[in-house]
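Numbering (mature numbering (1 follows the signal peptide of the UniProt record, and there is no 0)), first residue to last: -19 to -1, 1 to 146.
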């Protein structure tokens, strides 16, 4: 998994670098085992996709008027049929217009071919002078609610599939 994470981080050019816009990216987080992700989408297709997602996110952040100091995750799930879904987990939460722009931009990025199930990743961001989060994984509010409602442990793919509308 370290090889895949390193490759994705290197391709995205992330790793805690703060841009002049005040946005820093802290890296890509694989939210499923590497073997699961690689069986569903090749790294050669996933990495360019995530790079486009990152570019879309940075455009939305650059257009925002006053971005509050916030850090968190842009969580992206893709699945067969060229479908994508995104969630945010930022502290403090982003203004609604900015959150909507991030989500819409992410979902507008063309999805690579995926087979056999959902793939879930996240990109860490810090903005408005905040650093990217130090916690290893996101926990969007919708995920927490769905996990509690399930009453049993769910793997991340199953949790995301339950939430996907």
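Using N, Cα and C, we set each Cβ at its ideal position, and we do this for glycine too.
Among 7, 3, 6, 13, nearest to residue 99 - alpha-carbon criterion: The shortest Cα separation from residue 99 among 7, 3, 6, 13 belongs to 13.
Just the Cα atoms here: how many angstroms apart are residue 29 and residue 91? About 10 Å.
Expected contact under 8 Å - CB spacing of residue 35 and residue 56 to nearest Å: 13 Å between Cβ atoms; not a contact.
If you follow the beta strand (DSSP E) that residue 72 is part of, which residue opens it and which one closes it? Boundaries of the beta strand (DSSP E) harbouring residue 72: 64 to 72, taken from the DSSP string.
Run through the DSSP bridge pairs and tell me what residue 105 is partnered with. 8, 54.
Measuring CA to CA, which of 136, 103, 110, 111 is closest to residue 9? For the residues 136, 103, 110, 111, the minimum Cα distance to residue 9 belongs to 103.
Bridge partners of residue 60, per DSSP? Checking the DSSP bridge columns, you'll see residue 60 partnered with 64.
For the ligand PLP, is there any heavy atom lying closer than 8 Å to the beta carbon of residue 95? This structure simply doesn't include the ligand PLP, nor any ligand for that matter.
Nearest neighbour of residue 22, chosen from 95, 33, 87 [CA to CA]: Selection 95, 33, 87 evaluated against residue 22 yields 95 as nearest (Cα-Cα).
Does residue 100 come out as helix, strand or coil in the three-state DSSP assignment? In the structure shown, residue 100 falls within a strand segment according to DSSP collapsed to helix, strand and coil.
Taking the straight line between their C-alpha atoms, what separation do you get for residue 123 and residue 134? Those two C-alpha atoms are separated by around 15 Å.
Can you name the start and end residues of the alpha helix (DSSP H) that residue 46 belongs to? Residue 46 -> no alpha helix (DSSP H), and no H or E assigned at all.
Alpha carbon to alpha carbon, what distance is there between residue 105 and residue -5? Because the pLDDT at residue -5 is just 43, under 50, the model does not fix this residue reliably, and the value given afterwards should be weighed accordingly. Distance between residue -5 and residue 105, taken at the CA atoms: about 9 Å.
Assign residue 138 to buried or exposed, taking buried as 16 or more other Cβ atoms, counted over all protein chains shown, within 10 Å of its Cβ. With 16 or more other Cβ atoms within 10 Å, it is buried.
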